[in-house]
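Each remark here refers to the structure printed beneath this line.
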Amino acid sequence: MALITEWAISQGSIAMMLEVKTDNLTAISLYESLGYAKLNIRKNYFGNGLDALVMRKEIP
């Protein structure tokens, strides 16, 4: 993740966003520990009724 963040900064990005399955609590916990905040839910994003949690991290 650090390499991706460094690349995003080099491209002038001010934030990074991701989608993760709402039932993937391990991944959500990891992303929160890396500074990502919960932003929104995308219903049926993965199909078959599986929703996505949208997360965002501000970067310097």
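Everything in the sequence shown is counted per UniProt numbering, starting at 1 for the first residue and increasing by one.
Built from N, CA and C at the ideal position, the CB exists for glycine as well.
Is residue i buried or exposed, if buried means 16 or more other CB atoms sit within 10 Å of its CB?
{"i": "L25", "result": "exposed"}
{"i": "L53", "result": "buried"}
Assuming contact is defined by CB atoms lying nearer than 8 Å, are residue i and residue j in contact in what I supplied?
{"i": "G35", "j": "K57", "result": "yes"}
{"i": "I28", "j": "I59", "result": "no"}
{"i": "M55", "j": "L30", "result": "no"}
Examine chain C for any beta-carbon lying closer than 8 Å to the beta-carbon of residue i, and answer yes or no.
{"i": "T5", "result": "Considering every chain present, this structure includes no chain C. It has just one protein chain."}
Assess contact between the region 44-52 and the region 4-14, defined as three or more Cβ pairs (one per stretch) separated by less than 8 Å. Is contact present?
Taking 8 Å as the limit for Cβ pairs, the verdict is that the region 4-14 does not touch the region 44-52.
Any beta strand (DSSP E) of 3 or more consecutive residues that is wholly inside the UniProt domain "N-acetyltransferase" (1-60)
Within the UniProt domain "N-acetyltransferase" (1-60), complete beta strand (DSSP E) segments of at least 3 residues are found at 15-21, 37-42, 52-58, given in chain order.
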